[in-house]
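Residue numbers (my numbering): 825 to 1148. Ideal placement from N, C-alpha and C gives every residue a C-beta, glycine not left out.
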Amino acid sequence: MPELRNNILTILGEDIGPGESREVNFDVANLHTSTPVNVPVIISRAKKPGPIVLFTAGIHGDEVNGVEIVRQLIAKGINKPKIGTIICIPVINVFGFINLKREFPDGRDLNRVFPGSPTGSLAARVAFKLVNEILPHVDIILDFHTGGSGRFNAPQLRYTKEDVELNNLAKAFGAPFVLYSKNLSKSFRTTCYKLGKPLLLFEGGKSNHIDDAVTSSGVNGSKRVLKYLGMLGVNFKSATPRKSTIFIDDSKWQRAKYSGMFKPEVTIGSYVDRRDVLGNITDPYGKFEYVVKAPNSGYIINVNESPIVYQGDALFHISTTLKH
825 MPELRNNILT ILGEDIGPGE SREVNFDVAN LHTSTPVNVP VIISRAKKPG PIVLFTAGIH
885 GDEVNGVEIV RQLIAKGINK PKIGTIICIP VINVFGFINL KREFPDGRDL NRVFPGSPTG
945 SLAARVAFKL VNEILPHVDI ILDFHTGGSG RFNAPQLRYT KEDVELNNLA KAFGAPFVLY
1005 SKNLSKSFRT TCYKLGKPLL LFEGGKSNHI DDAVTSSGVN GSKRVLKYLG MLGVNFKSAT
1065 PRKSTIFIDD SKWQRAKYSG MFKPEVTIGS YVDRRDVLGN ITDPYGKFEY VVKAPNSGYI
1125 INVNESPIVY QGDALFHIST TLKH
């Protein structure tokens, strides 16, 4: 657990004592109009000591559903811990969020420049400040993302399979799916792993879209994790998930064999058998129709909701091997 001097948490130049709440600014650069851009960091501390948990979203500026999840944690007061400290950063890439763009204005993907640099690109500078001024203070991170390019993700957690601590946190979270996946080079998750900071990455929904079921899954899962850590406030309850989490060892993308108009027929999160009809690709003139069938039995954990697809585009993400 990070050390606190006389129980005072000093973060971004601000001293926050036990029982205090504070909003501090994570500032890096102004807009090109010289307008200041503030990235609010909301910090709430209980009087009793305990873990320091960081909730983050908006690493990609178009992933608004993750922002909505963290927003609800704050608006509902779930971020007021019974013990310990909760830090919320609802929008890390506020530059992209302003225009609902995935990348920074410099065209860089923030999630591919960690741990960043104090003299590098704008994205690299934000990554560096996050790693050096926020992460040293925290014990656990929950990072919220969504699918991109019109592809809708079933609510799921992602982390490496060997991590026992994350397995326990994932069981507490209770998302519909866990997809074991390798850490990507220069990602936020990889940097946290190297620093010994356990991070649960939540994926759900699609970019530029807010879905109530995805939001509910993220908020309820967060409450369960806080209860597991003994941090959930007395005014809140955490319901047991209606279904047990499905742990996926391996999966694959089914890609379009043809270009055309695309209509999926399968429900996200459902189980399909091999050769089941998943959707169809047609041309605009009524002369062509191709039926997309499941290449194997498994769970559908991502569906492409774009009405137009090109040959080679990812249509469905299907589980191939489940953990037993």
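- For secondary structure counted as the alpha helix (DSSP H) over 4 or more consecutive residues, the stretch 852 to 910 holds these complete runs in sequence order: 888 to 899.
- Rounded to whole angstroms, the separation of the alpha carbons of Thr834 and Pro873 is 15 Å.
- Taking a contact as a CB-CB distance under 8 Å, the pair Ile883 and Cys912 does not count as one, their CB atoms being some 14 Å apart.
- In the three-state reduction of the DSSP assignment, Thr970 falls in the strand class.
- Our two residues, Gly972 and Ile1124, have alpha carbons roughly 16 Å apart in a direct line.
- Where Leu954 is concerned, there is no enclosing beta strand (DSSP E), although the alpha helix (DSSP H) around it starts and stops at Leu946 to Glu957.
- Per DSSP, reduced to three states, the secondary structure at Arg936 is helical.
- Within its own chain, the residues whose Cβ lies closer than 7 Å to the Cβ of His961, once the five positions on either side in sequence are excluded, are Pro826, Leu833, Ile835 and Ile876, listed in chain order.
- One Cα belongs to Ser1009, the other to Thr984, and the distance between them is close to 13 Å.
- Within 10 angstroms of the beta-carbon of Leu897 lie 16 or more other beta-carbons, which makes it buried.
- Going by C-alpha positions, Lys1021 is about 22 Å away from Ile840.
- Of the other Cβ atoms in all chains shown, fewer than 16 fall within 10 Å of the Cβ of His856; this residue is therefore exposed.
- Counting of Cβ neighbours within 10 angstroms places Leu990 among the buried residues, the total reaching 16 or more.
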